[in-house]
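First to last, the sequence lines map onto chains A and B. The first sequence begins at 11 in my numbering and counts up one residue at a time. The second sequence begins at -10 in my numbering and counts up one residue at a time. We put the CB at the ideal spot given by N, CA and C, even for glycine. Here the structure comes first, spelled out in structure tokens, and everything after it is commentary.
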Amino acid sequence: MTPLLAVEDLVKHFPAGGGLFGRHARQVHAVCGVSFEVGRGETLGIVGESGCGKSTTARLVLGLMPATSGTARFDDVDVLTAKPKALRALRRRLQMVAQDPYASLDPQMTVGASIAEPLRIHGLYRKGGKDRVRELMTLVELDPDHVTRYPHQFSGGQRQRVGIARALALQPELLVLDEPISSLDVSIQAGVINLLADLQERLGVAYVFIAHDLSVIRLISHKVVVMYLGKVVESGLRDDVFDRPSHPYTQALLSAMPSANPVAERARARILLPGDVPSPLDPPSGCRFRTRCWKAQDICAVEEPALVDRGQGHPVACHFAEAAPQVSGLADPARQDAPDLPNAAGLPFAP
Amino acid sequence: MTPVLEIAGLEVTFPTQEGPVAAVRGVDLTLEARKVLGVVGESGSGKTVTMLATLGLLPAGAEVSGSVKYRGRELVGLAPRELRKLRGAAVAMIFQDPKTSLNPVQPIGHQIVEGIRIHHPDVGRKEAAKRAVELLALVGIPQPDRRARDYPHQFSGGMCQRAMIAMAVANDPDVLIADEPTTALDVTIQAQILDLLRDIREEKGVAIVLISHDLGVVAGLADDVAVMYAGRVVEKGSVDAVYTQARHPYTRGLLASVPRLTDTRHGPLQSIGGGAPSLLHLPGGCAFHPRCPHARPNCQVDDPRLRPVAGVEAACHYAEELGPVASK
Chain A
11 MTPLLAVEDL VKHFPAGGGL FGRHARQVHA VCGVSFEVGR GETLGIVGES GCGKSTTARL
71 VLGLMPATSG TARFDDVDVL TAKPKALRAL RRRLQMVAQD PYASLDPQMT VGASIAEPLR
131 IHGLYRKGGK DRVRELMTLV ELDPDHVTRY PHQFSGGQRQ RVGIARALAL QPELLVLDEP
191 ISSLDVSIQA GVINLLADLQ ERLGVAYVFI AHDLSVIRLI SHKVVVMYLG KVVESGLRDD
251 VFDRPSHPYT QALLSAMPSA NPVAERARAR ILLPGDVPSP LDPPSGCRFR TRCWKAQDIC
311 AVEEPALVDR GQGHPVACHF AEAAPQVSGL ADPARQDAPD LPNAAGLPFA P
Chain B
-10 MTPVLEIAGL EVTFPTQEGP VAAVRGVDLT LEARKVLGVV GESGSGKTVT MLATLGLLPA
50 GAEVSGSVKY RGRELVGLAP RELRKLRGAA VAMIFQDPKT SLNPVQPIGH QIVEGIRIHH
110 PDVGRKEAAK RAVELLALVG IPQPDRRARD YPHQFSGGMC QRAMIAMAVA NDPDVLIADE
170 PTTALDVTIQ AQILDLLRDI REEKGVAIVL ISHDLGVVAG LADDVAVMYA GRVVEKGSVD
230 AVYTQARHPY TRGLLASVPR LTDTRHGPLQ SIGGGAPSLL HLPGGCAFHP RCPHARPNCQ
290 VDDPRLRPVA GVEAACHYAE ELGPVASK
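Right under this line is the structure:
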């Protein structure tokens, strides 16, 4: 079966000023050769820290900005080269939910009008649009009698539901969600995650779910892509990546996630990465992670590791990829005998 | 153990156009020397306001009553002059957003020197500068002598937070109030900062109040924890007790709604229905009752107070009946 969305070798460079008439303009290497596929009704989780290129990837896939190179085929139409008219037709099938439900709704429009807007734009409102809006509100577990209310009368979680209802108005096949819950309170997050899972089951919509929170990614994704400084460092089926994380960065990321278990938190060994993410203006040669990696050797500065399966069962972009079973299980006291972390020279372990 | 900080019956009310907003409604908290107290709660629960009131940092107009004692000395109603002597010396604070907490037009080192010399005018400029470099080294800034001359925009978010911590511990405080110190940072940088706070606590013997919405962050660092909801502490106790035997339905709901990395199932999370109440129109009785799965008629009328229940303190009429909950 062909995937719903196939992204191949996606590249985006931004010019970063500098030089008279931009002659010496430097390039921000935001996304560098990212590839992934999303099947129908499936969730792809993209995880990484600020500046890793996950949001830029989302915007490119949505056709919201031109790419430097690469393709993003949505059902065999390349979003990146599609003509405006074709792109407009595609947008019915490809929608997004923004991160901040406070900034993404027009404060002067009733939520009903916000949800109806995509229907109007695509000429679908006249025929039963009113009922459709009420139906959508019910779908996201909001009171349909609140259509005439304004965003300020809703809480953050409710506003995010309005954003989801609006994105679903045109019955899209793919929803791109950029950190949809990170601005919500903990007790509200769970409700939105449950709603998204439920909607996927009922509507068969596929998600590209972007988050920095690994536990949320684990909960909702079928497939996972881990990004670092514009590159995919590891990808695969959810359990493959979480149970056998093989890139040092994935391992460090998993190890850095605090868990709500005080006993396990005190007992566990953490991988602490030194320093900060390097500037995307001038990324390190070879492997981009090498400046913070405890496994780095001479080869890492010279040769960029390809994203291929090196015997871990899923693709990893590391010359020294090695599955560290159950790094994520460290937080589980029942599995505390398991940690088998690389303890090579230079790795600062915290007790 | 003598507590370094004792908050009792603290109430804070802000006058607004729509009427008075009771942001803190009778909070009792105790911070023992050299311990870490985690304060957990969602937006608007009053955790930050409690701490700002403690330091006398609330805007004029806020009505503060109750008692805040630092080593037995009452801070509520203390003259601003006296409070200023305490702030940044005996009691220091670090904030959520390190970038906006630093002065953008002064070198980092200079800002630390200023903090030292305000409280110790007898310390010479040179000596203070030397001390600032030592402090930057202590918090793990590479090449501290060179970086002390840098401006905040030349520092990353994680390094700014390190610099804030350096500034906070410059005068060897007994108490460090850290308000969401890692919320604005990436996960791997958060791990670095939490590790640094752990070291600082060991090395300097400073007691820490750690405010966070993240139960995981608190679990790893705190000895005791207080859970706040709508301006009240609804549950408190040792972290181990609260995380494994929570008795308040809100705490239990909060713990259950956090997805766990170890959780491999692909099913729905438990969630707490509804949203936090408006502080302008608090529900009668227990403020949590409209969202509580265990609420009974008397919860709408009787306001439960914090009381000891099997190893923790919980403000729920039915804490005993709820029984201990096995942690996942």
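Contacts with chain B (Cβ-Cβ distance below 7 Å) from the stretch 36 to 63 of chain A involve Glu59 and Ser60, listed in chain order.
Along the stretch 152 to 164 of chain A, none of the residues has a CB nearer than 7 Å to a CB of chain B. Ranked by Cα distance from B/Ser90, the options B/Pro297, B/Gly147, B/His270 and B/Val65 are led by B/Gly147. Only Asp175, Val176, Thr177, Ile178, Gln179, Ala180, Gln181, Leu183, Asp184 and Arg187 from the stretch 174 to 196 of chain B bring a Cβ to less than 8 Å from some Cβ of chain A. Sorting A/Val17, A/Arg159, A/His39 and A/Thr66 by C-alpha distance to the C-alpha of A/Gly49 places A/Val17 at the top. Within the stretch 99 to 125 of chain A, the complete beta strand (DSSP E) segments of 3 residues or longer fall at 104 to 107, listed in chain order.
Within the stretch 219 to 239 of chain A, contact with chain B at the beta-carbon level (separation under 7 Å) is assigned to His222, Leu224, Ser225, Val226, Arg228 and Leu229. With contacts defined as CB atoms closer than 8 Å, A/Ser245 and A/His324 qualify as a contacting pair. Annotation: the continuous beta strand (DSSP E) that includes B/Thr2 extends over Pro(-8) to Thr5.
Among the residues of the stretch 188 to 202 of chain A, those with a Cβ less than 8 Å away from any Cβ of chain B are Asp195, Val196, Ser197, Ile198, Gln199, Ala200 and Gly201, in the order of the chain.
At a Cβ-Cβ threshold of 8 Å, A/Thr53 and A/Tyr217 count as neighbours. A Cβ-Cβ distance of about 5 Å is found for the pair B/Pro248 and A/Leu229, placing them in contact under the 8 Å criterion. With fewer than 16 other beta carbons inside 10 angstroms of its own, B/His270 counts as exposed. A residue is called buried once 16 or more other Cβ atoms fall within 10 Å of its Cβ, and B/Lys115, having fewer, is exposed.
With the criterion set as a beta carbon lying under 8 Å from some beta carbon of chain B, the stretch 74 to 97 of chain A has no members that meet it. Contacts with chain A at 8 Å (Cβ-Cβ) include B/His202. DSSP places A/Phe46 within a strand segment (E or B) once states are collapsed to three. For B/Leu258, the nearest CB of chain A lies under 8 Å from its own CB, placing it at the interface with that chain.
Counting along the chain, the unbroken beta strand (DSSP E) around A/Asp19 starts and ends at Leu15 to Pro25. For B/Met217, the enclosing beta strand (DSSP E) covers residues Asp213 to Tyr218. Cβ-Cβ separation between B/Ala284 and B/Asp163: approximately 41 Å, too far for a contact (criterion under 8 Å). With respect to chain B, the C-beta atom of A/Asp286 has a partner C-beta closer than 8 Å. With respect to the C-alpha of B/Val198, the residue from B/Val65, B/Ala81 and B/Gly(-2) having the closest C-alpha is B/Ala81. Beta-bridge partners of B/Tyr59 (DSSP): B/Leu(-6) and B/Arg62.
In the structure shown, the three-state DSSP call for A/Gly55 is strand.
A/Ala262 and B/Ile83 have their C-alpha atoms spaced approximately 26 Å apart. Inter-residue distance for B/Leu(-6) and B/Ile101 is about 25 Å (C-alpha atoms, whole angstroms). Apart from sequence neighbours up to five positions away, the residues of its chain that approach B/Arg187 with a beta-carbon distance below 7 Å are Leu210, ordered along the chain. The beta carbons of B/Thr43 and B/Leu67 sit no closer together than 8 Å. Among the residues of the stretch 103 to 119 of chain A, none has a Cβ less than 7 Å away from any Cβ of chain B. For A/Arg280, the C-beta contacts it makes with chain B under 8 Å involve Ala180 and Asp184, in order along the chain. Per DSSP, B/Asp17 is one residue of the beta strand (DSSP E) stretching across Gly8 to Glu21. Assigned with DSSP and collapsed to three states, A/Glu183 falls in coil, not helix or strand. Taking the Cβ atoms as the reference, A/Val44 lies roughly 4 Å from A/Leu20, within the contact range of under 8 Å. In the three-state scheme derived from DSSP, where H, G and I count as helix and E and B as strand, A/Gln307 is classed as coil.
Between the alpha carbons of B/Leu243 and A/Val236 lies a distance of about 28 Å.
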